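Residues in the sequence shown are numbered from 10 upward in steps of one, following my numbering.
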Amino acid sequence: MREREDEWTGLMRSAISGDDAAYHRLLKAITPVLRAAARRGLARAGQPVDQSEDIVQDILLAVHLKRQTWDTSAAFAPWLFAIARNKLIDALRRRGKRIFVNIDDFAETLPGETPEPTALPSEVSAQLQALPARQREVLQSIAVESASIKDTAAKFSMTEGAVRVALHRGLASLTAKLRDQ
10 MREREDEWTG
20 LMRSAISGDD
30 AAYHRLLKAI
40 TPVLRAAARR
50 GLARAGQPVD
60 QSEDIVQDIL
70 LAVHLKRQTW
80 DTSAAFAPWL
90 FAIARNKLID
100 ALRRRGKRIF
110 VNIDDFAETL
120 PGETPEPTAL
130 PSEVSAQLQA
140 LPARQREVLQ
150 SIAVESASIK
160 DTAAKFSMTE
170 GAVRVALHRG
180 LASLTAKLRD
190 Q
């Protein structure tokens, strides 16, 4: 393993110095390792391994485009595997969690009854008035007027963080009060 990494490091140093043959040998040497790593990563994530070649190509392209960023005094393998890990993660994110369910399995299922509201609007309004003024204003702005946190912060001369805190505290307080009734 160590010999292989030393060989890759030497080949990459030569490639950066302009040796095209060394670059070709390096790419040929790392491709099977990257292919196996991509397959393992996809399998570990519970995904089919059929996209491993696309991931390998993404890794090789990134290595080619970013090769000048590699520190020639450092080992090549950690740099390569960091790129490989990131490209695998990118591919898994693009792919997303896909679960296919046959809709015919649910054809006989009837929709459930719609739940009754737990609190009447008048109760919510009364409890809203019982909140501290700043929390009430923030809740009114965001929940009722559909303003963004940024707009609410500007409106009340607050930081966005303070708006988030007031919103969270107001919602928690309102929820607790309505739950007690």
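For glycine and all other residues, C-beta sits at the position ideal for the given N, C-alpha and C.
Being a predicted model, the structure only gives us computed values, none of them experimental.
Query raised in the report: Taking DSSP as the reference, what is the three-state secondary structure of Gln56?
Result: Reading the sequence shown from its first residue, position 47 is the one you call residue 56. Reduced to three states, the DSSP call for Gln56 is coil.
Query - Buried versus exposed, by CB contacts within 10 Å (16 or more), Ala93 - result: Along the sequence shown, one-based indexing puts residue 93 at 84. Classification of Ala93: buried, given that the 10 Å Cβ count is 16 or more.
Query - Pair within 8 Å by beta-carbon distance, Gly179 and Gln136 - result: For the purposes of this step, residue 179 is identified with residue 170 of the sequence shown, where counting begins at 1. For the purposes of this step, residue 136 is identified with residue 127 of the sequence shown, where counting begins at 1. Not a contact, by the Cβ cut-off of 8 Å.
Query raised in the report: If we ignore side chains and look at the alpha-carbon of each, how far apart do Asp28 and Pro41 end up?
Result: Numbered from its first residue, the sequence shown carries residue 28 at position 19. Numbered from its first residue, the sequence shown carries residue 41 at position 32. When rounded, the distance between both Cα atoms is 22 Å.
**Report entry** DSSP three-state assignment for Trp79, whether helix, strand or coil
**Finding:** Counting from one through the sequence shown, the residue named residue 79 turns up at place 70. Looking at Trp79 - three-state DSSP - the assignment turns out to be coil, as it is neither helix nor strand.
Requested in this report: With a cut-off of 8 Å on the beta carbons, I'd call Ala47 and Ser26 a contact; round off their distance for me.
Outcome: As a working note, residue 47 is residue 38 in the sequence shown. As a working note, residue 26 is residue 17 in the sequence shown. Their Cβ separation, rounded to whole angstroms, is 29 Å, which puts Ala47 and Ser26 out of contact at 8 Å.
Requested in this report: Drop a sphere of 10 angstroms on the beta-carbon of Ser150, count the other beta-carbons inside from all chains shown, and report buried for 16 or more, exposed for fewer.
Outcome: Taking the sequence shown and counting its residues from 1, the one referred to as residue 150 is at position 141. It counts as buried.
Query raised in the report: Would the beta-carbon of Ile64 fall within 8 Å of that of Lys96?
Result: The residue labelled residue 64 in the question sits at position 55 within the sequence shown. The residue labelled residue 96 in the question sits at position 87 within the sequence shown. Cβ atoms of Ile64 and Lys96: closer than 8 Å.
Query - Complete alpha helix (DSSP H) runs within the segment 120-181 (minimum length 4 residues, chain order) - result: 130-138, 142-148, 158-164
Query raised in the report: When the Cα of Leu187 is compared with those of Gln77, Thr78, Glu132, which residue comes out closest?
Result: Residue numbering aside, residue 187 sits at position 178 when the sequence shown is read from its first letter. That would be Glu132, whose Cα lies nearest to the Cα of Leu187.
Query raised in the report: Would you report the Cα separation of Ala152 and His177, rounded to the nearest angstrom?
Result: Along the sequence shown, one-based indexing puts residue 152 at 143. Along the sequence shown, one-based indexing puts residue 177 at 168. Looking at the two C-alpha atoms, the distance is approximately 12 Å.
Query raised in the report: Excluding five sequence neighbours on each side, which residues of the same chain lie with their C-beta closer than 6 Å to the C-beta of Trp79?
Result: As a first step, residue 79 must be located in the sequence shown, where it is residue number 70. Cβ neighbours of Trp79 beyond the five flanking positions: Trp88.
Query raised in the report: Ordered along the chain, which non-local residues of its own chain (more than five positions away) have a Cβ less than 8 Å from that of Ala139?
Result: Reading the sequence shown from its first residue, position 130 is the one you call residue 139. Once the five neighbours on either side are set aside, the close Cβ partners of Ala139 are Lys186.
Report task. Please confirm whether Ile158 and Val172 have their CB atoms less than 8 Å apart. Result -> Here residue 158 refers to the residue found at position 149 when the sequence shown is read from its first residue. Here residue 172 refers to the residue found at position 163 when the sequence shown is read from its first residue. Going by C-beta atoms, Ile158 is nearer than 8 Å to Val172.
**Report entry** Residue of Met21, Asp59, Arg53 minimising C-alpha distance to Val72
**Finding:** What you label residue 72 is simply residue 63 of the sequence shown in a count that begins at 1. Residue Met21 is the option with its Cα nearest to Val72.
Query - Among Ala54, Asp67, Ser23, the one whose alpha carbon lies nearest that of Arg44 - result: Numbered from its first residue, the sequence shown carries residue 44 at position 35. Cα-wise, what sits closest to Arg44 is Asp67.
Query raised in the report: Can you tell which of Leu183, Glu12, Phe165 has its C-alpha closest to the C-alpha of Ala86?
Result: For the purposes of this step, residue 86 is taken as residue 77 along the sequence shown, with counting starting at 1. Ranking the options by Cα distance to Ala86, first place goes to Glu12.
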